[in-house]
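Enquirer: In our numbering, the protein residues as written are 100 to 191. We put the beta carbon where it would ideally sit given N, CA and C, even for glycine.
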Amino acid sequence: MADLMVSYSALEAVHGGLERATETFSGDALPAEGGAFGADDVAQAFATFRTAQQRSAEWLADTSRTLGQYAKDTKSLVADADTDLAGKAGGE
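1) Report all residues from its chain with a CB closer than 6 Å to the CB of LYS174; omit the five preceding and five following residues, and keep chain order.
2) Along the chain, where does the alpha helix (DSSP H) that runs through SER175 open and close?
3) Quick check on THR121: buried or exposed, where buried means 16 or more other Cβ atoms within 10 Å of its Cβ?
4) Of all the options LEU103, ARG119, ALA138, which has the alpha carbon lying nearest to the alpha carbon of SER163?
5) In whole angstroms, give me the CA-to-CA distance for VAL177 and VAL105.
6) Between which residues of its own chain and ASP139 is the CB-CB distance below 6 Å, once the five residues before and five after are set aside?
What follows is the structure, given as structure tokens:
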């Protein structure tokens, strides 16, 4: 049977990368249209695009946050399982 290897440094790197992604996508809201377009249709199209982009950024931030937490939790759960298995192997 193959050994299961878990790299804590890889989990920490993933968690850190996802925290940075969360910060990137959790930034300030996009600026609102300032009347420079001149045509109502263009201004409406900009507003629609802006809303979709903001929702996408929020989704990316939430997803990054969730995946980062999974990576962090995995490290803790694997360590706990390893301790349990070591105890059982030692006859505890």
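Expert: The relevant details are as follows:
1) TYR107, LEU110
2) 139-188
3) buried
4) In terms of CA proximity to SER163, ARG119 leads the group LEU103, ARG119, ALA138.
5) About 8 Å.
6) none
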